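Here the structure comes first, spelled out in structure tokens, and everything after it is commentary.
Number of protein chains: 4
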Amino acid sequence: MLVVMQQGATDEQTQAVIDRLVSLGFTVHRSTGVMHTVLGGVGPVDEMDPADFEAMDGVKECHRIVSPYKLASRHFRPQGTIVKIGKVEIGGPHVVTMAGPCSVENRDQIEKVAEIVAQQGAQIMRGGAFKPRSSPYSFQGMGEEGLKLMRAAADRNGLLVVSEVMDHTQIPVLIEYSDILQVGARNMQNFNLLREVGKLRKPVLLKRGISATIEELLLAAEYIMSGGNYDVMLCERGIRTFETYTRNTMDVAAIPVIKKLSHLPMIGDPSHGTGRRDLILPMARASVAAGADGLLVEVHPDPDHAMSDGAQTLTPGQFTEMMQQVRAIAAAVGRTA
Amino acid sequence: MLVVMQQGATDEQTQAVIDRLVSLGFTVHRSTGVMHTVLGGVGPVDEMDPADFEAMDGVKECHRIVSPYKLASRHFRPQGTIVKIGKVEIGGPHVVTMAGPCSVENRDQIEKVAEIVAQQGAQIMRGGAFKPRSSPYSFQGMGEEGLKLMRAAADRNGLLVVSEVMDHTQIPVLIEYSDILQVGARNMQNFNLLREVGKLRKPVLLKRGISATIEELLLAAEYIMSGGNYDVMLCERGIRTFETYTRNTMDVAAIPVIKKLSHLPMIGDPSHGTGRRDLILPMARASVAAGADGLLVEVHPDPDHAMSDGAQTLTPGQFTEMMQQVRAIAAAVGRTA
Amino acid sequence: MLVVMQQGATDEQTQAVIDRLVSLGFTVHRSTGVMHTVLGGVGPVDEMDPADFEAMDGVKECHRIVSPYKLASRHFRPQGTIVKIGKVEIGGPHVVTMAGPCSVENRDQIEKVAEIVAQQGAQIMRGGAFKPRSSPYSFQGMGEEGLKLMRAAADRNGLLVVSEVMDHTQIPVLIEYSDILQVGARNMQNFNLLREVGKLRKPVLLKRGISATIEELLLAAEYIMSGGNYDVMLCERGIRTFETYTRNTMDVAAIPVIKKLSHLPMIGDPSHGTGRRDLILPMARASVAAGADGLLVEVHPDPDHAMSDGAQTLTPGQFTEMMQQVRAIAAAVGRTA
Amino acid sequence: MLVVMQQGATDEQTQAVIDRLVSLGFTVHRSTGVMHTVLGGVGPVDEMDPADFEAMDGVKECHRIVSPYKLASRHFRPQGTIVKIGKVEIGGPHVVTMAGPCSVENRDQIEKVAEIVAQQGAQIMRGGAFKPRSSPYSFQGMGEEGLKLMRAAADRNGLLVVSEVMDHTQIPVLIEYSDILQVGARNMQNFNLLREVGKLRKPVLLKRGISATIEELLLAAEYIMSGGNYDVMLCERGIRTFETYTRNTMDVAAIPVIKKLSHLPMIGDPSHGTGRRDLILPMARASVAAGADGLLVEVHPDPDHAMSDGAQTLTPGQFTEMMQQVRAIAAAVGRTA
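Those sequence lines, one after another, are chains D, S, A and W.
Residues 1 to 337 (this note's numbering) make up the first sequence, in order.
Residues 1001 to 1337 (this note's numbering) make up the second sequence, in order.
Residues 2001 to 2337 (this note's numbering) make up the third sequence, in order.
Residues 3001 to 3337 (this note's numbering) make up the fourth sequence, in order.
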């Protein structure tokens, strides 16, 4: 923690800051300059809010100099994390595709999707059974029945399953059917949920909140990891900005940024990232070109009649085309897909 | 739902849209213009996502023309809602103040706060026992013990209590000690929680998410109300923008906007809205001037040593000054405070 | 400038940073800590971009510790600036209202407006003769002819005139007819224009850009003041955010923030700040409650037929009501209006 | 223009809207539904602000159904525009690279850059002679002398030149030395400048403003094209969001969006798009993968001592690596680079 005192701050004010830093476990170095006195506080993990010091009398500004996350930081595992589930490795040289419908709707739909997804070389099927919907009047998902259908379809096609957990009370049913638990964007700061999935030994796909900074995403990962569950994958799925042509603005740069700051695998979601079917292919290519370890995309046998998110869902034909294009891009960056 | 077809859209494409609208329960009016065919679909509640139609072949654009919320809408109760708890009325001519620390820390602290709050004429004490914190290493709240201390202090001073519920499993303990359940900004779209508090007959203070639109806030209120709990109060507490001088950008205009769109009482939170102690007074005045029915502010006997949010917490002296200023502004807009 | 070196940064890397700071005129203090070496550089005005240091090898992060603006800073004139034009004082105890149409349209319109504005106690008439319009096909303003009509109408009613200059080549014609030159939001970083109005001895009303930070607004003021023109007034007129119900999000907190950081008078513009006629009154009240020294609002004899910005323009009746309400709020904060 | 009347709107209110639409040159179709009356107005170019109708009594909402731009629209030239300058074609199968320093600093620097740029296969050299700088105390560019040096260096190496025009009074000097005039992000809505470059027959590189929507960018292009200058190239260079790790958030999706909406060539600028040297390579790859027709990047012989923007400037070695990677990605999408 670096605290810069105002010009003319009194010794009492400076001492009060020093006392507070010491009481919080910091070792303090004082540097008296021509215009400003600067206090450097060194502590174990720097989770204090700089604003708390800036509110003190005589303080000009305050900056954190140690990351507030530790386990999620690249320093913790410089070589990078590879999440291994059976034969599938996420975070290694192969770019992994997770594909499937927004919601599981019925047996026929999910069986058809599983076939397409497996045929085109994706390794993981996505599909929601518990759906967070903005309106209480919208379709809320099939629940456990949907999970069963998806598990059966995945098994028949040699696929893994990723599905969203909306609430910690849903964990028991989710872990029975799903290989990866997805924590959705709206729950990125549902700290009770993060803590509970942190107690599991089951991989977690953590999606960035629509207004979460990269630092907040890494802190959310830290919550999970501080419970002992290190198999966390992060996902960029678009942030909210002033631009309304796309549903969200996909922050593609977050992919290389997070690969630098953290050792965790990074997935791109061009379906939610753009909200528009016609943008999924170019943004899937861009994600892989920028260094993504995997893709999460929505595909449905008949997107125009999907019960949710049809606008951002690929047809089987478009999905086939995407996989071809993604393979070409992966090869261009020295990977496979 | 208004669907505008592209110039040159074929009859088959137009018919496909009509068929889909009809299958969703809409009555469709077709208007063929020189350049565009426009389809107007009328249905009970318009919760479809316009993007789903925009993804169909031949469609240029699509707009919703009926609000996706009904119970939260001003039409539902044109005269406005007054939430009554004992002798306290929120939404009436009196501007209600809810004040207290970010977190309950110990008996001495909460007793001191309760006295100050009551002395200055506030009617409701706030205080967190379960704290959502960005870092897993930060203070997470005292839990039930904190609620007990707060209830006792409030009772001794004739105050009501508002406290945050982070998770639906915390509801039983919260309703035992708290008069109003607060749903925090990070949980505004925790739909399971919304649904569960909707089943209660206990007033709810629902805070706007930092990146939630006004429409999304009203939809979140609709979730609660659709369960039968109509005693919902809304709260503007700042949104996330590019400006970093303040912690959030307080969207003061949301106060009169929501008073127009909805019948629910509207509270301003200048502590979270700005994140800076020196801005709470002017923004409390601005909130009341803009039409707020109440204020939610943080006050602590010694904010510089508060365990959380000290930077945005008033000292007792500043709180006293705020109450005087707020009374003057309330009088200027024909209310009391 | 504070430069924090990475853990494990080499002496050569540290020395390279020191050398660069010294070459830029900074005096450098080095503080070697357990984890990080911190370099504090003190220079006259700190206009370096911290990112330039962060790109150097071995550097963890860099922060500016001296404001990049000097003349616009509150320290420069702790007592505050009052801009005096004839008998009108902006920045003193009286809250000054500037009102008029978006565009001057014809003699009849501007004469009617001038009468209303003067009758209700406003002291300055606004009106555009050169209009920045997003579309090349929209009405672009009457030019000099419009300025003549406005000057005549203002003179007949004892009003001052404020009008926008879009380009430095328009300065000669503007200064002939206008008492205050407005630099619009889109031109807040038109540095050639800022430099040229800085050479004048004519008051300038500088509007915040829709995506400008408070610091950038103060730097834009510094451009003007560095030319010797100290009569600068700043204006909050809404920033661009994700919320679309209002045209912009009015950052009311910027009013007290700028009053603290700077000595310059601060004006609120609830017309552009919200883009909606029905929100102008509450946001005018909020602006004055938050400490604004003046208001800038659009009024037109018949806003529904205004040639531009009708949606955010008051009718004469609404303007009359606004002035009454603003007077009540001004009194509540110890001022007149 | 589609106008949706409120439930219960009177005939007089509906007629007033019809009258206004007709007076503005629209042909109006009225469709009376169960809940809402909808008025469809068809006119030549739809540049009206929907908010102006929404402010009228009885109106619920209003939507524009015809693009406000015509010449910039894909419909105007479905096959796409190729800007040809000598042997260089922008918008064709070859991805064109424009590279060079932020500012021209001296002969030695610009000669070195020109050599590197040409050696690596870029065809156009960028370099600023007139610099828009946030602070009045920062380096403001070499002016005409800088242009001369750049022209000479470019000619010696068979390169074209692109340089920024900040103000219409600089046009005469710019067109003497530069093959492409760049209109910078801060000037995207400097309408006088747009109009003046529209009178030239010289290609223009128009950069998106940091808070400009895609529609506003296309309207700015329309300004230029409406003057008869159709050789316009557009550039995505990052927008302002809440994320602060990067200087801007590069809206990569804007590349395929604009390729769909418009026929104009689209350039990606990963230097300004991210503000960080270490992100330029991945984001250059992502831009080309997403469909960019060209790249604009900053390169300098010694970026750590560049007079501006060093943090986002490549070293010669990094530039060489970027060109290799970009060639691989271009090949993967069926293009050359």
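Cβ coordinates follow ideal geometry from the N, Cα and C atoms, glycine included.
The structure presented is a predicted model; accordingly, all values stated were derived computationally and were not measured.
For glycine 91 of chain D, does the count of other Cβ atoms within 10 angstroms reach 16, so buried, or fall short, so exposed? buried
With three or more beta-carbon pairs closer than 8 Å as the criterion, would you say the stretch 2055 to 2065 of chain A touches the stretch 2004 to 2023 of chain A? yes
What residues match up with aspartate 251 of chain D in a beta bridge as DSSP calls it? W:Asp3251
Sequence-distant residues of the same chain with beta carbon closer than 6 Å to threonine 3244 of chain W, five excluded per side: none
Per the contact definition of three or more C-beta pairs closer than 8 Å, is the stretch 2070 to 2079 of chain A in contact with the stretch 2105 to 2125 of chain A? no
Give me, in chain order, the residues of the same chain whose beta-carbon lies closer than 6 Å to that of lysine 131 of chain D; leave out the 5 immediate sequence neighbours on both sides. Ser103, Gln140, Gly141
Can you give me, in chain order, the residues of the stretch 3274 to 3293 of chain W that have a beta carbon less than 8 Å from any beta carbon in chain D? Thr3274, Asp3278, Leu3279, Pro3282, Met3283, Arg3285, Ala3286, Ser3287, Val3288, Ala3289, Ala3290, Gly3291
In chain order, what are the residue ranges of uninterrupted beta strand (DSSP E) at least 3 long that sit wholly in the stretch 253 to 294 of chain D? 266 to 268
Chain-ordered chain W contacts of tyrosine 2223 of chain A [CB-CB under 7 Å]: Pro3136
For chain D, find out if any of its Cβ atoms is closer than 7 Å to the Cβ of phenylalanine 2026 of chain A; answer yes or no. no
Residue range of the beta strand (DSSP E) that alanine 2099 of chain A falls in? 2096 to 2100
Less than 7 Å between the beta carbons of methionine 182 of chain D and leucine 205 of chain D, yes or no? Residue identity check: residue 182 of chain D is glutamine in the sequence provided, not methionine. Cβ atoms of glutamine 182 of chain D and leucine 205 of chain D: closer than 7 Å.
Own chain, CB closer than 8 Å to threonine 1014 of chain S, minus 5 neighbours either side, in chain order: Met1005, Arg1030, Thr1037, Leu1039, Gly1058
Note down, in chain order, every chain C residue with its Cβ under 8 Å from the Cβ of alanine 3331 of chain W. Absence of chain C from the displayed structure is noted, the protein chains being D, S, A and W.
Listed by chain order, chain D residues near serine 2031 of chain A by CB distance under 8 Å: His29, Ser31, Val38, Gly40
Name the two residues that bound the continuous alpha helix (DSSP H) containing leucine 217 of chain D. 214 to 225
Does the stretch 1312 to 1321 of chain S come close enough to the stretch 2313 to 2328 of chain A that 3 or more CB-CB pairs lie under 8 Å? no
Can you tell which of W:Ala3253, W:Thr3274, W:Val3083 has its C-alpha closest to the C-alpha of proline 256 of chain D? W:Thr3274
What does the alpha-carbon distance come out to for the pair alanine 1289 of chain S and valine 1252 of chain S? 10 Å
Chain S partners of valine 2257 of chain A, CB-CB under 8 Å? Tyr1245, Thr1246, Leu1279
Can you grab the Cα-Cα spacing for the pair valine 2113 of chain A / alanine 2254 of chain A, in whole Å? 30 Å
Is the number of C-beta pairs between the stretch 66 to 73 of chain D and the stretch 225 to 238 of chain D that are closer than 8 Å three or more? yes
For serine 1103 of chain S, return the contacting residues in chain A, with the cut-off set at a CB-CB distance below 8 Å. Near serine 1103 of chain S there are no residues of chain A at all, since even the closest Cβ is about 24 Å away, more than 8 Å.
List the residues of chain S that phenylalanine 2319 of chain A touches, going by C-beta distances under 7 Å, in chain order. Those do not exist, as phenylalanine 2319 of chain A stays about 17 Å from chain S at its closest Cβ, beyond 7 Å.
Rounded to the nearest angstrom, what separates glutamine 1324 of chain S and arginine 1208 of chain S at their Cα positions? 27 Å
Same chain, Cβ closer than 8 Å to glycine 3184 of chain W, neighbours up to 5 away in sequence not counted: Pro3132, Glu3164, Met3166, Lys3207
What in chain D is Cβ-close to glutamine 1109 of chain S, meaning under 8 Å? The premise fails here: glutamine 1109 of chain S is roughly 16 Å from chain D at the closest Cβ pair, so nothing lies under 8 Å.
Which two residues bound the contiguous beta strand (DSSP E) that contains methionine 233 of chain D? 232 to 236
List the residues of chain D that methionine 1056 of chain S touches, going by C-beta distances under 8 Å, in chain order. Asp304
At the level of alpha carbons, what is the spacing between aspartate 3108 of chain W and alanine 1055 of chain S? 54 Å
I need the boundaries of the beta strand (DSSP E) containing glutamine 1140 of chain S, first residue and last residue. Taken as a continuous stretch (DSSP letters only), glutamine 1140 of chain S belongs to no beta strand (DSSP E), as it is neither H nor E.
Partner residues on chain S for proline 132 of chain D, Cβ-Cβ distance less than 9 Å: Gln1189, Asn1190, Phe1191, Asn1192
Grab me the residues of isoleucine 1180 of chain S's own chain with a C-beta within less than 6 Å of its C-beta, minus the 5 sequence neighbours each way, in chain order. Val1162, Pro1203, Leu1205
DSSP state of lysine 1030 of chain S, grouped into three classes? Rather than lysine, the amino acid found at residue 1030 of chain S in this sequence is arginine. Looking at arginine 1030 of chain S - three-state DSSP - the assignment turns out to be strand.
Proline 3101 of chain W versus threonine 213 of chain D: straight-line alpha-carbon distance, rounded: 31 Å
At 8 Å on the CB atoms, spell out the chain S contacts of isoleucine 2239 of chain A, in chain order. Thr1241, Phe1242, Glu1243, Thr1249
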